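> Residue numbers (the numbering used here), protein chains in the order written: chain A, 1 to 240; chain B, 241 to 717.
Glycine included, every Cβ here is placed at the ideal spot set by N, Cα and C.
Bear in mind that the values here come from a model prediction, so they are computed numbers and not experimental data.
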Amino acid sequence: MAKAANIKTLKIDGRDVSARQNETILEVARENGIFIPTLCTLKGLSNVGACRLCLVEVKGTARLQPACVTRVEEAMEVTTNSERLQGYRRAILELLFTERNHVCAVCVSNGHCELQSLAQKLEITHVHFAYRYPEAEVDASHERFIVDHNRCILCTRCVRVCEEIEGAHTWDVMGRGIDAKVITDLNEPWGSSQTCTGCGKCVHVCPTGALSEKGKSVAEMLKRRQFLPYLTQMREEDRS
Amino acid sequence: MSENGKRTIVIDPVTRIEGHSKITLHLNEQGRVEDARFHVTQFRGFEKFCEGRPFSEMPALMARTCGICPVSHLIASSKACDALLAVRIPPTAEKLRRIFGLAQVLQSHALSFFYLSSPDFLLGLDSDPATRNLIGLAQVKPEIARSGIRLRQFGQQIIERLGGKRIHPAWMVPGGVSAPLSVADRDAILAGIPEVLAIAESTLEWFKGSMEKFREEIASFGNFPTLFLGMVKDDGGLTFYDGKIRVIDAAGNTVENGLDPAAYNDYIGEKVEPWSYLKSTYYKPRGYPDGIYRVGPLARLNLADRCGTPLADQELAEFHELQRTAVLSSFHYHHARLIEILYCVERMQQLLDDPDILNKHVRAFARPNCLEGVGVAEAPRGTLIHHYKIDEQGLIRWVNLIIATGHNGLAMNRSILQVAKHFVRGDRLKEGMLNRVEAVIRAYDPCLSCSTHADGHMMLQVQVVAADGEVVEELRR
Ligand code: FES
Numbered sequence: 001m002a003k004a005a006n007i008k009t010l011k012i013d014g015r016d017v018s019a020r021q022n023e024t025i026l027e028v029a030r031e032n033g034i035f036i037p038t039l040c041t042l043k044g045l046s047n048v049g050a051c052r053l054c055l056v057e058v059k060g061t062a063r064l065q066p067a068c069v070t071r072v073e074e075a076m077e078v079t080t081n082s083e084r085l086q087g088y089r090r091a092i093l094e095l096l097f098t099e100r101n102h103v104c105a106v107c108v109s110n111g112h113c114e115l116q117s118l119a120q121k122l123e124i125t126h127v128h129f130a131y132r133y134p135e136a137e138v139d140a141s142h143e144r145f146i147v148d149h150n151r152c153i154l155c156t157r158c159v160r161v162c163e164e165i166e167g168a169h170t171w172d173v174m175g176r177g178i179d180a181k182v183i184t185d186l187n188e189p190w191g192s193s194q195t196c197t198g199c200g201k202c203v204h205v206c207p208t209g210a211l212s213e214k215g216k217s218v219a220e221m222l223k224r225r226q227f228l229p230y231l232t233q234m235r236e237e238d239r240s
Numbered sequence: 241m242s243e244n245g246k247r248t249i250v251i252d253p254v255t256r257i258e259g260h261s262k263i264t265l266h267l268n269e270q271g272r273v274e275d276a277r278f279h280v281t282q283f284r285g286f287e288k289f290c291e292g293r294p295f296s297e298m299p300a301l302m303a304r305t306c307g308i309c310p311v312s313h314l315i316a317s318s319k320a321c322d323a324l325l326a327v328r329i330p331p332t333a334e335k336l337r338r339i340f341g342l343a344q345v346l347q348s349h350a351l352s353f354f355y356l357s358s359p360d361f362l363l364g365l366d367s368d369p370a371t372r373n374l375i376g377l378a379q380v381k382p383e384i385a386r387s388g389i390r391l392r393q394f395g396q397q398i399i400e401r402l403g404g405k406r407i408h409p410a411w412m413v414p415g416g417v418s419a420p421l422s423v424a425d426r427d428a429i430l431a432g433i434p435e436v437l438a439i440a441e442s443t444l445e446w447f448k449g450s451m452e453k454f455r456e457e458i459a460s461f462g463n464f465p466t467l468f469l470g471m472v473k474d475d476g477g478l479t480f481y482d483g484k485i486r487v488i489d490a491a492g493n494t495v496e497n498g499l500d501p502a503a504y505n506d507y508i509g510e511k512v513e514p515w516s517y518l519k520s521t522y523y524k525p526r527g528y529p530d531g532i533y534r535v536g537p538l539a540r541l542n543l544a545d546r547c548g549t550p551l552a553d554q555e556l557a558e559f560h561e562l563q564r565t566a567v568l569s570s571f572h573y574h575h576a577r578l579i580e581i582l583y584c585v586e587r588m589q590q591l592l593d594d595p596d597i598l599n600k601h602v603r604a605f606a607r608p609n610c611l612e613g614v615g616v617a618e619a620p621r622g623t624l625i626h627h628y629k630i631d632e633q634g635l636i637r638w639v640n641l642i643i644a645t646g647h648n649g650l651a652m653n654r655s656i657l658q659v660a661k662h663f664v665r666g667d668r669l670k671e672g673m674l675n676r677v678e679a680v681i682r683a684y685d686p687c688l689s690c691s692t693h694a695d696g697h698m699m700l701q702v703q704v705v706a707a708d709g710e711v712v713e714e715l716r717r
C-alpha cells in the first residue's frame, strides 16, 4: 500500500483523479478510461516519446506535453481532447501517411494495423498534405521475416524490444530527419545479421505492416503482444 | 466539312463499357468510313507497381487492377503464386476457387448482358439515348431488369459469402484459400439456385426468340473469320479454372490442342499499336495481323465440345447449330454469355452437392520453390494470364499480364471498322449509327481499365474526323 504522500491528485478533462507519484499522465488517463491516442508507446517497453500523438495540454505550461513520458504532479490540470489537440493529432497522422507508402488495401496488416485503426478512430478521411511517395526498400533476406520500410513509422518499438527484452540490440536507427530508417546491425541485410536471434519479438510489437512474417498474404498478419508484460516482469525479477 | 470532304468520326467515351477509350472514324471524300481506330487512352503501369513487393501480396494487389472482375485476377494470380510455391493445392480449395470463379462469371455476364447491352435489344439501337439504359428498361420491361439485378446479386452474394464482405482480399491465397466453407453458407447458396436457374433459362429462351430482329447486326457486328483461343478441359469440356489451351480456325477445325498455358509465350505474340495503350496479341504461328483471334464467351463455346451440365449442354448443341463453321459473329457473344450463365449455375450446384466441399483442409503451405510462375484462368471476358518472376527472397522482379481485352484487341478494331462501314454515313449522321459502333464494342464487354491497367470508369468518345484532320462530329456522353 502506497503511502499517502505518494498519492497525487490532479484533474484530467475536468475530472478529479488520483495517481501514484511515478505514474505518467498516460497511465493515469488509461486507468480512468480516458482515451489518449498513442503509437510509439507499448506497455513493457521504455518510453521515448517519438510519435507525439499523445500530446496533452497542461495548465500553466505553454508547451504541449507528451502524456507517455510526462509524470503527474500534484494539482496538475490536464486537457486531453481540445480542438487544438485534435487538429495536431490529425496532422501528425496525415503526415505519417504521406511520409512513406501506406497502401492499406494491399498491406499485410490491413485490418490489424494501429496506424490504420487510429486514423479511423480519429475520423481521418482525407490527407491534406502532398504524398512523398519515396522509393523505400523491402528487405526479405531473413529466413522468416520481412521489413518493408514503406510501412515504417519510426516508432522504434522494434529497437527497444530487441535491446530491452531480447538483449540482442540488432535494430537501431540510422540517418536523421526524413532520411531516418531502422536498420539491422550495421545496416546489413537482416538475413546476414550476426546478432539477430530470430525471436520475432520485433515483428509482433511493430504497430504496422513494416515488420511481418514471410508468406503472409494481405490482411493476414496478426500481431500477438500478450507476451510482453510477462517477459518484462520476468526480466525485472531476474535483475533484482 | 473539310474542303476535300474527308472526315473522321470519334466516339469518346464509349458509354456502358468499362474503362476509358475513344473511337476515331476516318471518312473519305464520299463521306464513307475508310478506317476506324479504337484507342485506349488511360494507362497506369500495374506491372511496374508490383516490382519489389513480396509475391504473397500479389493476389490482393492484382485484384486491385480491376474493380469489375477482381475475382478473376485473384484466381490467375493465386495460381501463378501456387506455381511459385510449386505446390498442389488441396482439392477442396480448388473446388472453392472454382465456385468463386463461377460466381464471378455469373455476376459479370449479368452486368454485361442486362445492364449494359439489353437496353439495345429491348428498346432498340435507335431509341432515345436518354432512356436507353437499365432505368429506361425497368420502365418498359421491368421483369427483364429485375432478372438482371437478381442474377448479378446472386453472384455477388456468393462472392461475399466466400470471400467476406466487399471481397476480402485475403480469402484466396497462394496455396489455396484461407478459410473453409461453412454448412450455413453452402445451404444458403444452394437455396438460391432454383430461382436463378429459372431466370437463366427463361432469359435464354427470350433472347433466342428475338434474334430474328437483329439479322443486320448479326451480319455486321464483327462477323468475319478469325481464330478462337481459350482453355478447355482435357476432355474438351468448358472450363473457367484450368485446362489446356486450344486454338481453332474459322472453319471450326482444330489448329492446336493441349497447349500448355504456362508456355503462352511460345504461341502468343504481343504488339502495342502507337495509337493505343492496349496491348494487342496475335497467334504467333500466323504472324501479325493474320494471327488475329478472339477469346471470351464466343470463343469458349466455339472451342468446347461439351459443357458437362445437362441444360448448358443442350444449349451448346443448339449454339453450334447456328453456323456449320465456328460461330463467327461477335453479336453472338451475348448468346454465349447467356449459355455460360446457365452453365455457371448448374456447375455450382454440382460442386456444392459434393460433400467434400466442406472439407476443412483448404490450404497448402510452402516457401517459394520456383523463381518463375504462370497462372492462367478463363475470366468472364476471356483468357487471363499472370506471369511473375521473383528473386531468391521472394520479391517480385518482373510481371507480365495478358488480359482478355488485349487478346480481343485486333478483333475489336476490325469489328468497329465493319460496323462503321455498314451503318455510318458521314453525310447524314444519326445517333443510332454511332450507338451501333459502341454496341459492337459492348458485345466484347471489354474491361479497358484492366487491359491497360488504368483506373477508369465507363468512358469513350466517338470522333468523326475529316480527311484533312478536322473533327466534324463528336459524341460524348
Ligand atoms: S505515445 Fe507518446 S509520443 Fe508516442
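How is residue 36 (chain A) classed by DSSP in three states: helix, strand or coil?
What you label residue 36 (chain A) is simply residue 36 of the first sequence in a count that begins at 1. Correct three-state label for residue 36 (chain A): coil.
> Please state if the CB of residue 556 (chain B) and the CB of residue 546 (chain B) are separated by a distance shorter than 8 Å.
For the purposes of this step, residue 546 (chain B) is identified with residue 306 of the second sequence, where counting begins at 1. For the purposes of this step, residue 556 (chain B) is identified with residue 316 of the second sequence, where counting begins at 1. Yes, the pair counts as a contact, with Cβ atoms nearer than the cut-off.
> Below 8 Å between beta carbons: does that hold for residue 619 (chain B) and residue 644 (chain B)?
Here residue 619 (chain B) refers to the residue found at position 379 when the second sequence is read from its first residue. Here residue 644 (chain B) refers to the residue found at position 404 when the second sequence is read from its first residue. Cβ distance < 8 Å, so residue 619 (chain B) and residue 644 (chain B) count as in contact.
> Apply the 10 Å Cβ neighbour rule to residue 9 (chain A) and answer buried if 16 or more other Cβ atoms are within range, or exposed otherwise.
Position 9 of the first sequence, counted from the first residue, corresponds to residue 9 (chain A). Classification for residue 9 (chain A): exposed.
> At a Cβ cut of 8 Å, what residues of the segment 213-224 of chain A count as close to chain B, listed as they run along the chain?
214, 215, 216, 217, 218, 219 and 220
> Could you run through the segment 322-354 of chain B and flag, in chain order, every residue whose CB is less than 7 Å away from some CB of chain A?
Within the segment 322-354 of chain B, no residue has a Cβ that lies closer than 7 Å to any Cβ of chain A.
> Helix, strand or coil for residue 259 (chain B)? Go by DSSP, reduced to three states.
Looking up residue 259 (chain B) in the second sequence gives position 19. Residue confidence for residue 259 (chain B) is low, a pLDDT of 48 falling below 50, so the modelled location carries little weight and cannot support an answer.
> Is the segment 156-165 of chain A touching the segment 200-218 of chain A, taking contact as three or more C-beta pairs under 8 Å?
yes
> Got a list of residues with beta-carbon closer than 6 Å to any non-hydrogen atom of ligand 1, in chain order?
A:38, A:39, A:40, A:41, A:49, A:50, A:51, A:52, A:53, A:54, A:66 and A:68
> Following the continuous beta strand (DSSP E) through residue 520 (chain B), name the residue where it begins and the one where it ends.
Position 280 of the second sequence, counting from 1, holds the residue named residue 520 (chain B). Taken as a continuous stretch (DSSP letters only), the beta strand (DSSP E) holding residue 520 (chain B) covers 519-523.
> Please compile the residues from chain A whose C-beta is within a distance smaller than 8 Å of the C-beta of residue 300 (chain B).
As a first step, residue 300 (chain B) must be located in the second sequence, where it is residue number 60. By Cβ distance, chain A contributes 105, 106, 217, 218 and 219.
> 8 Å is my cut-off, CB to CB: does residue 420 (chain B) come that close to chain A?
Along the second sequence, one-based indexing puts residue 420 (chain B) at 180. With respect to chain A, the C-beta atom of residue 420 (chain B) has no partner C-beta closer than 8 Å.
> Mind checking residue 494 (chain B): buried by the 16 CB within 10 Å criterion, or exposed?
Residue 494 (chain B) sits at position 254 when you count from the first residue of the second sequence. By the neighbour-count rule (16 or more Cβ atoms within 10 Å), residue 494 (chain B) is not buried but exposed.
> Give, in chain order, every residue of the segment 129-156 of chain A whose Cβ lies closer than 7 Å to some Cβ of chain B.
138, 140, 141 and 146
> Looking only at its own chain, which residues have a Cβ that is under 7 Å from the Cβ of residue 454 (chain B), when we skip the five neighbours before and after it?
Locating residue 454 (chain B) in the second sequence gives position 214, counting from the first residue. Same-chain partners within the cutoff: 571.
> Would you check if there are 3 or more beta carbon pairs closer than 8 Å linking the segment 324-339 of chain B to the segment 372-387 of chain B?
no
> With which residues is residue 24 (chain A) paired in a DSSP beta bridge?
Counting from one through the first sequence, the residue named residue 24 (chain A) turns up at place 24. According to DSSP, residue 24 (chain A) bridges with A:71.
> In the DSSP assignment, find the beta strand (DSSP E) that holds residue 187 (chain A) and state where it starts and stops.
As a working mapping, residue 187 (chain A) is identified with position 187 in the first sequence. Per DSSP, residue 187 (chain A) belongs to no beta strand (DSSP E) and is neither H nor E.
> Among the residues of its own chain, which have a CB less than 6 Å from the CB of residue 441 (chain B), if the five just before and after it don't count?
On the second sequence, residue 441 (chain B) is found 201 positions in, with the first residue counted as 1. Correct list: empty, nothing qualifies.
> So, helix, strand or coil for residue 437 (chain B), using DSSP?
Residue 437 (chain B) sits at position 197 when you count from the first residue of the second sequence. Helix at residue 437 (chain B).
> Which residues of chain A have a Cβ atom closer than 7 Å to the Cβ of residue 633 (chain B), listed in chain order?
The count along the second sequence starts at 1 and reaches residue 633 (chain B) at position 393. Those within 7 Å of residue 633 (chain B) in chain A are 140 and 141.
> Drop a sphere of 10 angstroms on the beta-carbon of residue 145 (chain A), count the other beta-carbons inside from all chains shown, and report buried for 16 or more, exposed for fewer.
Within the first sequence, the letter at position 145 stands for residue 145 (chain A). Buried, since its Cβ has 16 or more Cβ neighbours within 10 Å.
> Alpha carbon to alpha carbon, how far is residue 65 (chain A) from residue 616 (chain B)?
For the purposes of this step, residue 65 (chain A) is taken as the residue at position 65 of the first sequence. For the purposes of this step, residue 616 (chain B) is taken as the residue at position 376 of the second sequence. Rounded to whole angstroms, residue 65 (chain A) to residue 616 (chain B) spans 57 Å at the Cα level.
> What residue range does the alpha helix (DSSP H) around residue 400 (chain B) cover?
Against the second sequence, residue 400 (chain B) aligns to sequence position 160. That run of the alpha helix (DSSP H) goes 382-403.
> First and last residue of the beta strand (DSSP E) that includes residue 629 (chain B)?
In the second sequence, the residue the question calls residue 629 (chain B) occupies position 389. Segment 622-630, the beta strand (DSSP E) holding residue 629 (chain B).
> Given this structure, state the Cα-to-Cα distance separating residue 317 (chain B) from residue 419 (chain B), to the nearest angstrom.
Along the second sequence, read from residue 1 onward, the residue named residue 317 (chain B) stands at position 77. Along the second sequence, read from residue 1 onward, the residue named residue 419 (chain B) stands at position 179. About 18 Å.
> Taking a contact to mean a Cβ-Cβ separation below 8 Å, would you say residue 350 (chain B) touches residue 392 (chain B) in this structure?
Start at 1 with the first residue of the second sequence, and residue 350 (chain B) comes out as number 110. Start at 1 with the first residue of the second sequence, and residue 392 (chain B) comes out as number 152. Yes, these two residues count as a Cβ contact at 8 Å.
> Helix, strand or coil for residue 266 (chain B), going by three-state DSSP, please let me know.
Numbered from its first residue, the second sequence carries residue 266 (chain B) at position 26. If DSSP states are grouped into helix, strand and coil, residue 266 (chain B) belongs with the strands.
> Around the C-beta of residue 605 (chain B), are 16 or more other C-beta atoms found within 10 angstroms, so that it is buried, or is it exposed?
On the second sequence, residue 605 (chain B) is found 365 positions in, with the first residue counted as 1. Residue burial is scored here from C-beta neighbours: residue 605 (chain B) has fewer than 16 other C-beta atoms within 10 angstroms and is therefore classed as exposed.
> For residue 8 (chain A), which of helix, strand or coil comes out of DSSP?
As a first step, residue 8 (chain A) must be located in the first sequence, where it is residue number 8. Reduced to three states, the DSSP call for residue 8 (chain A) is strand.
> Identify, in the order they occur along the chain, each residue of the same chain with its Cβ nearer than 6 Å to the Cβ of residue 663 (chain B), setting aside the five sequence neighbours on each side.
The sequence position of residue 663 (chain B) within the second sequence is 423, counting from 1. Result list for residue 663 (chain B): 673 and 676, in chain order.
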